[in-house]
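In the working numbering, the protein residues as written are 1482 to 1695.
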Amino acid sequence: MIATLSDIESMDKSFRTNLINHLSGAKAVHLMGTFDEQHQSNLAIFSNVIHIGANPAMMGVLFRPVGADSHSYKNIQANKRFTLNQIPLSMVQQAHQTSARYPLGKSEFEAYGIEEERISEFDGPFVKNSLVKIGLTWEEEHLIKSNQTILIVGKIQYISIQDSILLPDGHIDLDVAQCVSAGGLDTYYQVKKLAQFPYAKVLADASHEPRRNS
1482 MIATLSDIES
1492 MDKSFRTNLI
1502 NHLSGAKAVH
1512 LMGTFDEQHQ
1522 SNLAIFSNVI
1532 HIGANPAMMG
1542 VLFRPVGADS
1552 HSYKNIQANK
1562 RFTLNQIPLS
1572 MVQQAHQTSA
1582 RYPLGKSEFE
1592 AYGIEEERIS
1602 EFDGPFVKNS
1612 LVKIGLTWEE
1622 EHLIKSNQTI
1632 LIVGKIQYIS
1642 IQDSILLPDG
1652 HIDLDVAQCV
1662 SAGGLDTYYQ
1672 VKKLAQFPYA
1682 KVLADASHEP
1692 RRNS
């Protein structure tokens, strides 16, 4: 298939939504935990999570345009804290269901039997069975004016990783962890390691050496 801008704009809405959501390929998927002002927990699935920087340690999350049911976004605005929990293979169906639009005050933890974990080191609801748990505080946000989505940048305050998947060099063995990735809005994939290469450097090539004046 080849499509120009006019072709894309004239596509069936459902087909176009699926197509454009899949163009970026499989993406890491997380469950975001937040508290409302009454300290009631909320849980929602997010696939638009990105690495921002390692020093300071920051991650970003892209939010859809804010509406009446944007509980995660509003909770972050209220208390500036949230958690990101990688999704194990065994929880993929439960995790997907958290995308349903529950009424305010109804916890997705309770609705789908997802065990919540609270710790003293970071005030935020974690997914107990997640092997990689991250606690973040709101750092800044940016409005994408063309479609009203919002990028929130969070500063990492707390990390919990199961020892069996943390390698000596700091890598996380996502293959062993059986973490899940997502394509589009409703399709999930299992992460599998293919290869690991050394840090890429420019290869020495005599043909690329600058000429010297004789």
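Glycine included, every Cβ here is placed at the ideal spot set by N, Cα and C.
{"query": "Contained beta strand (DSSP E) runs [length at least 3] in the stretch 1610-1652, N- to C-terminal order", "result": "1613-1625, 1630-1642"}
{"query": "Proximity below 8 angstroms, CB of residue 1575 to CB of residue 1593", "result": "yes"}
{"query": "For residue 1696, the first and last residue of its enclosing alpha helix (DSSP H)", "result": "Here the chain covers residues 1482 to 1695 and nothing more, so residue 1696 does not appear."}
{"query": "Cα-Cα separation, residue 1588 to residue 1482", "result": "43 angstroms"}
{"query": "Distance CB(residue 1632)-CB(residue 1543) smaller than 8 angstroms", "result": "yes"}
{"query": "Inter-residue CB distance, residue 1540 and residue 1532 (contact presumed, cutoff 8 angstroms)", "result": "6 angstroms"}
{"query": "Cβ neighbours of residue 1599 in the same chain (closer than 6 angstroms, five flanking residues each side left out)", "result": "none"}
{"query": "Nearest neighbour of residue 1611, chosen from 1595, 1621, 1625 [CA to CA]", "result": "1595"}
{"query": "Residue 1578 versus 1648, 1654, 1523, 1681, residue with shortest Cα-Cα distance", "result": "1523"}
{"query": "Cβ-Cβ distance between residue 1620 and residue 1635 below 8 angstroms", "result": "yes"}
{"query": "Own chain, CB closer than 7 angstroms to residue 1559, minus 5 neighbours either side, in chain order", "result": "1517, 1518"}
{"query": "Expected contact under 8 angstroms - CB spacing of residue 1662 and residue 1547 to nearest Å", "result": "The pair is not a contact, with the Cβ atoms about 26 angstroms apart (cut-off 8 angstroms)."}
{"query": "Neighbour-count burial assignment, residue 1486, 16 or more Cβ in a 10 Å radius", "result": "exposed"}
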